[in-house]
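K.L.:
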Amino acid sequence: MSPERDVAVVGAGPIGLATAILLNRRAGIPASRITILDRRVPPAGQRAADLPVDLRVFALSRASERILRACDAWEEIAATRTERYERMHVWHADVPPRGGDALVFDAAETGERDLGVIAENAVLQAALAAAARRAGIGFEEAEIESLAQGRDAAVLRAGAREFGARLVVGADGAQSRVRELAGLGASRADYGQVAIVAMIATERPHEHTAWQRFLGDGTLAFLPLADGRCSIVWSLPTARAEKLLAISPSAFVGALEEDLDGALGRLELASERLRFPLWRLSAEHYVGPRVALVGDAAHVVHPLAGQGANLGLLDAAALADVLEAGLREREDIGAERILRRYERWRRSENDLMAAAIDGFDRLLARGSGRVAALAQRGLPFVSRAPVAKRVFIERAMGLAGELPAAAR
Ligand SMILES: Cc1cc2nc3c(=O)[nH]c(=O)nc-3n(C[C@H](O)[C@H](O)[C@H](O)COP(=O)(O)OP(=O)(O)OC[C@H]3O[C@@H](n4cnc5c(N)ncnc54)[C@H](O)[C@@H]3O)c2cc1C
6 MSPERDVAVV GAGPIGLATA ILLNRRAGIP ASRITILDRR VPPAGQRAAD
56 LPVDLRVFAL SRASERILRA CDAWEEIAAT RTERYERMHV WHADVPPRGG
106 DALVFDAAET GERDLGVIAE NAVLQAALAA AARRAGIGFE EAEIESLAQG
156 RDAAVLRAGA REFGARLVVG ADGAQSRVRE LAGLGASRAD YGQVAIVAMI
206 ATERPHEHTA WQRFLGDGTL AFLPLADGRC SIVWSLPTAR AEKLLAISPS
256 AFVGALEEDL DGALGRLELA SERLRFPLWR LSAEHYVGPR VALVGDAAHV
306 VHPLAGQGAN LGLLDAAALA DVLEAGLRER EDIGAERILR RYERWRRSEN
356 DLMAAAIDGF DRLLARGSGR VAALAQRGLP FVSRAPVAKR VFIERAMGLA
406 GELPAAAR
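Residues in the sequence shown are numbered from 6 upward in steps of one, following our numbering.
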């Protein structure tokens with residue numbers, strides 16, 4: 006018997022929502038044959054602009070902007086507290102913040118209007134959920150507990166309810182139940198670090214610039230926000246981070262000013278402090294019989310390069326391309342043979358980025374010894390070498406490698 010739907014997407018985070026929309030708009034799967042399941046479905050009729058400010062923000066690449074446009078969600082995202090960043094200013098603790106040894110990527114140098122945008126997680130989710138509803142895609146509130154993978158269909162169970170589909174997409178985040186139930190396995194390594202996220206008011210203007218200092222024991226990023234303040238991601242060894250989370254706001258700000266080395270003048274804590282333990286994860290397989298993983302369910306990377314959600318959006322767009330081609334050839338969208346194309350494509354791109362990010366962490370953010378010293382001296386070299394700089398900018402903007410149609 007054929008299942009009641011073509012695709013069941015588990016997870017209504019930004020990546021699951023984008024996947025469902027692109028499978029409809031790009032691969033041509035009818036909206037009525039797609040269901041998005043989440044233990045907490047974003048409420049209908051919710052406008053991003055009415056949401057309280059979400060401290061979790063993403064630096065989104067140009068490729069992500071294009072994918073979100075293809076999802077019909079970009080207008081609402083761009084109109085809701087997003088900030089375009091025009092420069093990245095990166096320096097190592099051994100050199101002064103604004104001296105000639107800082108590495109500066111400037112959009113103007115490359116003929117681009119900006120390098121990307123800073124947007125809130127909740128804004129992305131609300132705008133994508135609204136776009137999915139406009140397209141006619143259905144939502145079900147359900148906590149997935151089990152999965153049976155048959156020859157013609159996979160069946161998800163949540164309590165007494167069953168959801169059959171030709172293809173189940175696991176977009177259920179880093180602790181993915183779908184990954185576990187499908188036996189896809191994952192290698193996981195603890196960074197021994199915690200990222201502190203908070204909103205900070207700065208004495209000097211942020212100049213539409215993303216500021217990043219490699220500290221020797223971690224990384225500190227200041228991302229510019231539309232209201233003139235900054236969002237920080239301060240990744241540190243767990244013991245130091247826990248101390249900073251427990252001390253008074255004024256002592257916290259003192260330590261923060263020291264780690265930023267005065268680059269933005271006096272600072273002020275403008276929110277609570279959030280805590281994110283950091284680990285790396287890579288699923289052993291992205292696909293299995295009638296199952297595919299996207300986003301954090303497939304890979305989790307260190308936030309120092311701000312790439313996690315960007316990679317996930319590329320997964321969503323690549324899966325849509327592969328299924329579109331499969332459907333054109335009248336193939337079964339849940340066939341492992343088709344899904345393997347997606348796995349080969351995205352696994353190599355994601356592994357490459359994860360290795361580069363780990364290299365930054367080991368050599369630039371926390372490195373010591375001769376190789377690390379060489380890498381640290383390499384920063385100003387890259388700054389003065391236009392070709393090397395272009396390569397870095399293209400990667401950061403998500404425009405390198407094999408791009409899915411929605412990102413071109
Ligand atoms: C400190 C920090 C800073 C970051 N900064 C950036 C950045 O600047 N740029 C960037 O690109 N990325 C960044 N990232 C990465 C980014 O946060 C993630 O890659 C992204 O949120 C992953 O989205 P997702 O949709 O895959 O998963 P999630 O957002 O985790 O969504 C998963 C969804 O699945 C649902 N779910 C889970 N299990 C079940 C179940 N059993 N049944 C039903 N539903 C279920 C959950 O309710 C949730 O809605 C950062 C990460 C951290 C920690």
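We treat Cβ as the ideally placed atom computed from N, Cα and C, and that holds for glycine. Treat the numbers as computed from the prediction; the structure is a model and nothing was measured.
#1: Pull up the DSSP beta-bridge partners for W239, would you.
#2: Kindly indicate which three-state DSSP category Q217 falls into: helix, strand or coil?
#3: From R38 to L65, what distance separates their C-alpha atoms?
#4: Let me check you understand the geometry: is the CB of P19 closer than 7 Å to at least one non-hydrogen atom of ligand 1?
#5: Could you spell out where the beta strand (DSSP E) holding A288 opens and where it closes?
#6: Is D366 near ligand 1, judged by its Cβ being under 7 Å from some heavy atom?
#7: If distances are taken between C-alpha atoms only, which option among R400, D222 and A303 comes closest to S192?
#8: Within the present structure, is the beta-carbon of I26 separated from the nearest heavy atom of ligand 1 by less than 7 Å?
#9: Measure the Cβ-Cβ separation of F293 and Q180 and say whether it is below 8 Å.
#10: Who pairs with S192 in a beta bridge, going by DSSP?
#11: Span of the beta strand (DSSP E) holding M358?
#12: Are G2 and E354 closer than 8 Å when you measure CB to CB?
#13: Just tell me which of A25, S7 and P19 has its CA closest to the CA of A13.
#14: Would you give the residue range spanned by the alpha helix (DSSP H) that D43 belongs to?
#15: Would you mind giving the Cβ-Cβ distance between G16 and G267, rounded to the nearest angstrom? I have them listed as a contact below 8 Å.
#16: Give a yes or no on whether the C-beta atoms belonging to V202 and R367 are separated by under 8 Å.
#17: Between the Cα of L120 and those of R171, R67, H94 and G141, spot the shortest distance and give me the residue it belongs to.
#18: Mind checking V396: buried by the 16 CB within 10 Å criterion, or exposed?
#19: Taking 7 Å as the line, does the beta carbon of L230 fall inside it for any heavy atom of ligand 1?
#20: Examine the Cβ distances between the stretch 82 to 102 and the stretch 138 to 158 and report whether three or more of them are shorter than 8 Å.
#21: So, do the stretch 227 to 245 and the stretch 182 to 201 have three or more beta carbon pairs nearer to each other than 8 Å?
#22: When DSSP labels each residue in this structure, what does L120 get in the three-state scheme?
#23: Do T85 and I123 have their C-beta atoms within less than 8 Å of each other?
#24: Taking only heavy atoms of ligand 1 into account, decide whether any of them is closer than 7 Å to the Cβ of G116.
#25: Would you say L42 touches ligand 1, meaning its beta carbon is less than 7 Å from a heavy atom?
#26: Sorry if obvious, but does the Cβ on F227 come closer than 7 Å to a heavy atom of ligand 1?
#27: Hey, would you say the C-beta of V238 is under 7 Å away from at least one heavy atom of ligand 1?
#28: Any contact of the stretch 307 to 322 with the stretch 71 to 81, i.e. 3+ C-beta pairs under 8 Å?
#29: Does the stretch 165 to 175 come close enough to the stretch 264 to 279 that 3 or more CB-CB pairs lie under 8 Å?
#30: Which runs of the beta strand (DSSP E) at least 3 residues long sit entirely within the stretch 90 to 164? Give them in chain order.
#31: I want to know whether the stretch 34 to 53 touches the stretch 201 to 219 - three or more CB-CB distances under 8 Å.
#32: In three-state DSSP terms, what is L65?
#33: Taking C-beta to C-beta, are L22 and L133 nearer than 8 Å?
#34: Is F110 near ligand 1, judged by its Cβ being under 7 Å from some heavy atom?
#35: Near R118, which residues of its chain fall below 7 Å by C-beta distance, leaving aside the five closest residues on each side in sequence?
#36: Per the DSSP calculation, E88 is bridged to which residue(s)?
P.N.:
The answer reads as follows:
#1: Along the sequence shown, one-based indexing puts residue 239 at 234. W239 pairs with I201 and L225.
#2: Locating residue 217 in the sequence shown gives position 212, where the first residue counts as 1. Q217 falls in the strand class under three-state DSSP.
#3: Numbered from its first residue, the sequence shown carries residue 38 at position 33. Numbered from its first residue, the sequence shown carries residue 65 at position 60. Rounded to whole angstroms, R38 to L65 spans 30 Å at the Cα level.
#4: Along the sequence shown, read from residue 1 onward, the residue named residue 19 stands at position 14. For P19, the CB falls within less than 7 Å of some heavy atom of ligand 1.
#5: On the sequence shown, position 283 is the one that residue 288 refers to. A288 -> beta strand (DSSP E) spans L279 to A288.
#6: In the sequence shown, the residue the question calls residue 366 occupies position 361. Not under cutoff, so the answer is no.
#7: As a working mapping, residue 192 is identified with position 187 in the sequence shown. Out of R400, D222 and A303, A303 has the C-alpha closest to the C-alpha of S192.
#8: Residue numbering aside, residue 26 sits at position 21 when the sequence shown is read from its first letter. Because no heavy atom of ligand 1 lies under 7 Å away, the Cβ of I26 does not count as near it: no.
#9: Stepping through the sequence shown from its first residue, residue 293 is reached at position 288. Stepping through the sequence shown from its first residue, residue 180 is reached at position 175. In the sequence under discussion, the amino acid at residue 293 is Gly, which differs from the Phe named in the question. Judged by their CB atoms, G293 and Q180 are not nearer to each other than the 8 Å cut-off.
#10: Locating residue 192 in the sequence shown gives position 187, counting from the first residue. Answer is S287, bridged to S192.
#11: By one-based count along the sequence shown, residue 358 stands at place 353. M358 -> not in any beta strand (DSSP E); alpha helix (DSSP H) instead, spanning E341 to G364.
#12: As shown, the chain starts at 6 and ends at 413. That puts residue 2 outside it, with no answer to give.
#13: The residue given as residue 13 occupies position 8 in the sequence shown. Nearest option by C-alpha distance: A25.
#14: Looking up residue 43 in the sequence shown gives position 38. Note, D43: premise wrong, no alpha helix (DSSP H); beta strand (DSSP E) at I39 to D43.
#15: If you number the sequence shown from 1, residue 16 lands on position 11. If you number the sequence shown from 1, residue 267 lands on position 262. Their Cβ separation, rounded to whole angstroms, is 42 Å, which puts G16 and G267 out of contact at 8 Å.
#16: Residue 202 sits at position 197 when you count from the first residue of the sequence shown. Residue 367 sits at position 362 when you count from the first residue of the sequence shown. No, they are not a contact pair.
#17: Start at 1 with the first residue of the sequence shown, and residue 120 comes out as number 115. The option with the nearest alpha carbon to L120 is R67.
#18: Position 391 of the sequence shown, counted from the first residue, corresponds to residue 396. V396 should be labelled exposed.
#19: Against the sequence shown, residue 230 aligns to sequence position 225. It does not: the Cβ of L230 is nowhere closer than 7 Å to a heavy atom of ligand 1.
#20: Segments in contact, no.
#21: yes
#22: Against the sequence shown, residue 120 aligns to sequence position 115. Correct three-state label for L120: coil.
#23: The count along the sequence shown starts at 1 and reaches residue 85 at position 80. The count along the sequence shown starts at 1 and reaches residue 123 at position 118. No, Cβ-Cβ distance for T85 and I123 is not below 8 Å.
#24: Here residue 116 refers to the residue found at position 111 when the sequence shown is read from its first residue. Flag unset: Cβ of G116 not near ligand 1.
#25: One-based indexing of the sequence shown puts residue 42 at position 37. Yes, the Cβ of L42 comes within 7 Å of a heavy atom of ligand 1.
#26: Residue numbering aside, residue 227 sits at position 222 when the sequence shown is read from its first letter. Answer for F227: no, Cβ out of range of ligand 1.
#27: The residue you call residue 238 lines up with position 233 of the sequence shown. Flag set: Cβ of V238 near ligand 1.
#28: yes
#29: no
#30: 92 to 97, 108 to 111, 121 to 125, 143 to 146, 151 to 154 and 159 to 163
#31: no
#32: In the sequence shown, residue 65 corresponds to position 60, counting from 1. Note: L65 maps to strand in three-state DSSP.
#33: Reading the sequence shown from its first residue, position 17 is the one you call residue 22. Reading the sequence shown from its first residue, position 128 is the one you call residue 133. Yes, they are a contact pair.
#34: For the purposes of this step, residue 110 is identified with residue 105 of the sequence shown, where counting begins at 1. F110 Cβ: outside cutoff for every heavy atom of ligand 1.
#35: As a working note, residue 118 is residue 113 in the sequence shown. If we look at R118 and ignore the five residues flanking it on each side, its Cβ neighbours are A112.
#36: Within the sequence shown, numbered from 1, the residue matching residue 88 stands at position 83. BP columns for E88 point to I123.
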